[in-house]
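Order-wise, the sequence lines are chains A and B.
According to numbering that gives the first Met the number 0, the first sequence holds residues 0 to 194 in order.
According to numbering that gives the first Met the number 0, the second sequence holds residues 0 to 111 in order.
We put the beta carbon where it would ideally sit given N, CA and C, even for glycine.
Down below is the structure, laid out as structure tokens.
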Amino acid sequence: MAKGKVIAKVDERQTQVKRVDSLIARANDGDAQAMKELRPMIHDDPGFFNIFGDLAEGVRQQLVARMTGDGKAMLTKDRLYVRLRKMKADLSGSAPTPLEVLLVERILTCYLEVNWYDFLYTSRRECTLQQGDYYQRRQDRAHKRYLSAVKALAQVRRLELPAVQVNIAGQQMNTQAIITRTAESKKTTSAQHAD
Amino acid sequence: MGWETRKGKRYLYIKMREGGRVVSQYVGAASALGEFHRGSELSFYAARRALERKRAAIRAEREEMDLLSGEVADLCDGIDAVMRASLLLAGYHQHDRGQWRKRRKGMSDGEG
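As structure tokens, then:
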């Protein structure tokens, strides 16, 4: 893809996120109109979710390439992907909602970033105090992002958020079915209790 | 060629004749050149080239880090926005930029 197109895509994404951010702030303050505008963006626009699914995959591929390229492999590419797949399975659980899938994608990407900085820092044979400080700050920021990502998933799980309909990395996840299934299962359970 | 001390630090300059006058060309700081300098006068040029290569590599690495970290930060911001929007639509609100709490009276846009 041409550099101009990439920049345009990034700009478009940032504009969308800014717009959603402003709507969220208004909705959080009780603005019903903002809520009305937010709903179709989250529930009906698969493109909005696709962006982040694709982005996460792309960034992870770049990070893996940096960590395993140039003969300075910390882990081989295959081993790294195996570890990521295992982490994904462990974090996702048996029936993750699409939002949880997205949050797991975020955790995996942040995990790789933290490891990349650890790798860069430890692979430096010599560096000045200033350079060391620079790497340390990078590591700290990456670690903070990683912890936030983990916290976000835990928070959503704790609140037992209902699922929404999204498309992630080209795979459409019809969460309406999940909601229906959950509702049916609740009905069955309550019917059983009533009996 | 000679070392000059400026503000307590030593720097290497080469004196050259250009168009009938002597000009001094900066080579590098003693602290930075020390690791490359092997003692002979010729090696100063090699030292400078090596130093420039090293600086260019550090610059490239930092640019790469900026780019990738920027991508990760964008991703985190975006997913965070999706999460907050989903929580709001599910009837929660964020109290004082911290805890998410269920709204007592569900704010409705007529569809939820």
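* glutamate 70 (chain B) to tryptophan 2 (chain B) span [Cα, whole Å] -> For this step, residue 70 (chain B) is matched to residue 71 along the second sequence. For this step, residue 2 (chain B) is matched to residue 3 along the second sequence. Glutamate 70 (chain B) and tryptophan 2 (chain B): Cα-Cα distance of roughly 45 Å.
* Under 8 Å by Cβ, that's how I've got leucine 22 (chain A) and leucine 37 (chain A) pegged, so tell me the actual separation to the nearest angstrom. => Numbered from its first residue, the first sequence carries residue 22 (chain A) at position 23. Numbered from its first residue, the first sequence carries residue 37 (chain A) at position 38. Contact between leucine 22 (chain A) and leucine 37 (chain A) is confirmed by a C-beta separation of about 5 Å, below the 8 Å threshold.
* Since glutamine 24 (chain B) sits in a beta bridge, which residues does DSSP pair it with? -> The residue given as residue 24 (chain B) occupies position 25 in the second sequence. B:Ile13.
* **Buried/exposed call for valine 68 (chain A), threshold 16 Cβ in 10 Å** => Indexing the first sequence from 1 puts residue 68 (chain A) at position 69. Looking at the sequence shown, residue 68 (chain A) is not valine but glycine. Exposed, because fewer than 16 other Cβ atoms sit within 10 Å of the Cβ of glycine 68 (chain A).
* Between which two residues does the alpha helix (DSSP H) harbouring glutamine 32 (chain A) extend? -> Translated into the one-based positions of the first sequence, residue 32 (chain A) becomes position 33. Run containing glutamine 32 (chain A): 31-42, per the alpha helix (DSSP H) assignment.
* Go to threonine 96 (chain A), then tell me how far its beta strand (DSSP E) extends in each direction, as first and last residue. => One-based indexing of the first sequence puts residue 96 (chain A) at position 97. Counting along the chain, threonine 96 (chain A) falls outside any beta strand (DSSP E), and DSSP gives it neither H nor E.
* Asked: When you compare only the Cα positions, how much space is there between leucine 67 (chain B) and arginine 16 (chain B)?
  -> Taking the second sequence and counting its residues from 1, one reaches residue 67 (chain B) at position 68. Taking the second sequence and counting its residues from 1, one reaches residue 16 (chain B) at position 17. One C-alpha to the other measures close to 47 Å.
* **Touching by the beta-carbon criterion (3+ pairs, under 8 Å), the stretch 96-115 of chain A and the stretch 135-146 of chain A** => With the cut-off at 8 Å, the stretch 96-115 of chain A and the stretch 135-146 of chain A touch.
* For glutamine 13 (chain A), which option in B:Ala45, B:Lys101, B:Cys75, B:Arg102 has the closest C-alpha, if you only look at C-alpha atoms? -> Against the first sequence, residue 13 (chain A) aligns to sequence position 14. Comparing Cα positions, the closest option is B:Cys75.
* To do: Inspect the CB distances between the stretch 84-104 of chain B and the stretch 74-91 of chain A and report whether three or more fall short of 8 Å.
  => Flag = no, the stretch 84-104 of chain B and the stretch 74-91 of chain A do not touch.
* **Own chain residues within Cβ distance below 7 Å of valine 58 (chain A), not counting five before or after** => Along the first sequence, read from residue 1 onward, the residue named residue 58 (chain A) stands at position 59. Result list for valine 58 (chain A): Thr108, in chain order.
* Using only alpha-carbon positions, find the residue among A:Ser93, A:Gln61, A:Asp89, A:Leu158 that is nearest to lysine 76 (chain A). => As a first step, residue 76 (chain A) is located in the first sequence; it is residue number 77 there, counting from the start. The shortest CA-to-CA distance from lysine 76 (chain A) to any of A:Ser93, A:Gln61, A:Asp89, A:Leu158 is the one to A:Gln61.
* Report yes if the C-beta distance between glutamate 99 (chain A) and arginine 137 (chain A) is below 9 Å; otherwise report no. => Residue numbering aside, residue 99 (chain A) sits at position 100 when the first sequence is read from its first letter. Residue numbering aside, residue 137 (chain A) sits at position 138 when the first sequence is read from its first letter. Cβ atoms of glutamate 99 (chain A) and arginine 137 (chain A): not closer than 9 Å.
* To do: Helix, strand or coil for arginine 5 (chain B), going by three-state DSSP, please let me know.
  => Position 6 of the second sequence, counting from 1, holds the residue named residue 5 (chain B). If DSSP states are grouped into helix, strand and coil, arginine 5 (chain B) belongs with the strands.
* Asked: By Cβ distance, which residues of its chain are closer than 6 Å to arginine 47 (chain B), with the 5 residues on each side in sequence left out?
  -> Here residue 47 (chain B) corresponds to residue number 48 of the second sequence, with the count starting at 1. Exclusion of the five residues before and after arginine 47 (chain B) leaves Val26, Gly27 as the residues of its chain whose Cβ lies within less than 6 Å of its Cβ.
* To the nearest whole angstrom, what separates the beta carbons of valine 63 (chain A) and leucine 111 (chain A), a pair I think is in contact under 8 Å? -> Along the first sequence, one-based indexing puts residue 63 (chain A) at 64. Along the first sequence, one-based indexing puts residue 111 (chain A) at 112. Confirmed, about 7 Å.
* Secondary structure of histidine 92 (chain B), DSSP reduced to three states -> Taking the first residue of the second sequence as position 1, residue 92 (chain B) is located at position 93. In the three-state reduction of the DSSP assignment, histidine 92 (chain B) falls in the strand class.
* Do the CB positions of asparagine 49 (chain A) and arginine 83 (chain B) come within less than 9 Å of each other? -> Counting from 1 along the first sequence, the entry for residue 49 (chain A) is found at position 50. Counting from 1 along the second sequence, the entry for residue 83 (chain B) is found at position 84. Not closer than 9 Å, so no.
* Asked: Does the distance from the CB of valine 29 (chain B) to the CB of tyrosine 44 (chain B) come in under 9 Å?
  -> One-based indexing of the second sequence puts residue 29 (chain B) at position 30. One-based indexing of the second sequence puts residue 44 (chain B) at position 45. The question names valine, yet the displayed sequence has alanine at residue 29 (chain B). The Cβ-Cβ distance between alanine 29 (chain B) and tyrosine 44 (chain B) does not fall below 9 Å.
* **Sequence-distant residues of its chain with Cβ nearer than 7 Å to aspartate 10 (chain A) (five each side left out)** => By one-based count along the first sequence, residue 10 (chain A) stands at place 11. Result list for aspartate 10 (chain A): empty, nothing under 7 Å.
* With 9 Å as the threshold, decide whether the Cβ of arginine 16 (chain B) is near any Cβ in chain A. => Translated into the one-based positions of the second sequence, residue 16 (chain B) becomes position 17. Taking Cβ atoms only, chain A never reaches closer than 9 Å to arginine 16 (chain B), which makes this a no.
* What do you reckon, are the CB atoms on glycine 79 (chain B) and serine 122 (chain A) nearer than 9 Å? -> As a working note, residue 79 (chain B) is residue 80 in the second sequence. As a working note, residue 122 (chain A) is residue 123 in the first sequence. The question names glycine, but residue 79 (chain B) in the sequence shown is aspartate. No, they are not a contact pair.
* Determine the closest residue to threonine 127 (chain A) out of B:Gly19, B:Gly97, B:Lys53, with distance taken between C-alpha atoms. => Here the question's residue 127 (chain A) lines up with position 128 in the first sequence. If we check each option's Cα against that of threonine 127 (chain A), B:Lys53 comes out closest.
* Asked: Would you say aspartate 23 (chain B) faces chain A, with C-beta separation under 9 Å as the test?
  -> As a position in the second sequence, residue 23 (chain B) is number 24, starting the count at 1. One detail in the question is off: residue 23 (chain B) reads as serine in this sequence, not aspartate. False, the Cβ-Cβ gap to chain A never drops below 9 Å.
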